[in-house]
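Asks:
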């Protein structure tokens, strides 16, 4: 069964450093998303991506964040200068038009720890 | 604004019994989707069940079913014949107008043997 994959599973970085979180969505999906979940809190939407551009972003997704689909298979989230409060689980999700644009399949997540 | 509210932070059920998790939502959209996701300790988000708002029939997936009350904006999840593996956080989610999901705060379900 196709699945969304994410690497790395756990990333530890120092405050102020740049990190890139990687995702490989399900191959025939067209819509891509990033969410984050601070420990013990609910999952929050960051950004959606369709047709090689951002379609929507939340207020959390400020200038420190960027997304890219560099090669037609990977989907990346970059945090330019990490802050302590960026420590969270980051989930990538994808959905396909034939499933209904809203049915999203999540990857296993990347746990980001900023020290 | 679209919101999702789960009023039960924690629930407990005896193995083989039935439990219902509550969810209410608010949206001005006429066409939308509702979901229940399961998050075990591994923190993977697993889609449990999906409901299209335009369908009156309640969705069912094996032991999981929903009670969708559109007028009341209520979307509860019923788990029948509960199993130890059902223990997890359960998140109710609303499909937003741009396709993003809006999640509730979750309900932690414990299953007692």
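Chains as they are written, first to last, in this note's numbering: chain A, 1329 to 1443; chain B, 962 to 1074. All C-beta atoms in this analysis are idealised placements derived from N, C-alpha and C, irrespective of residue type, glycine included. Because the structure is a prediction, the values reported are computed rather than measured.
1. When you check each C-beta in the stretch 1362-1376 of chain A against every C-beta of chain B, which residues fall closer than 8 Å?
2. Would you identify the three-state DSSP class for residue 987(B), choosing helix, strand or coil?
3. Which of the residues in the stretch 1384-1416 of chain A, read from start to end, lie with their CB under 7 Å from any CB of chain B?
4. Does the separation of the CB atoms of residue 1374(A) and residue 1393(A) fall below 8 Å?
5. Hey, is residue 972(B)'s beta-carbon within less than 8 Å of any beta-carbon in chain A?
6. If you follow the beta strand (DSSP E) that residue 1338(A) is part of, which residue opens it and which one closes it?
7. So with Cβ pairs under 8 Å, would you call residue 975(B) a contact of chain A?
8. I need the DSSP call for residue 1367(A), collapsed to helix, strand or coil.
9. Select from 1424(A), 1351(A), 1338(A) and 1399(A) the residue whose C-alpha is nearest the C-alpha of residue 1362(A).
10. Return the CA-CA distance between residue 981(B) and residue 1026(B), expressed in angstroms with no decimal places.
11. If we define contact as Cβ-Cβ less than 8 Å, is residue 1424(A) a contact residue for chain B?
12. For the putative contact between residue 967(B) and residue 1031(B), defined by C-beta atoms under 8 Å, what is the C-beta separation to the nearest angstrom?
Replies: Taking the geometry as given:
1. 1363, 1365, 1369, 1370, 1371, 1372, 1373 and 1376
2. strand
3. 1384
4. yes
5. no
6. 1338-1341
7. no
8. coil
9. 1351(A)
10. 9 Å
11. no
12. Wrong, their Cβ atoms sit about 18 Å apart, outside the cutoff.
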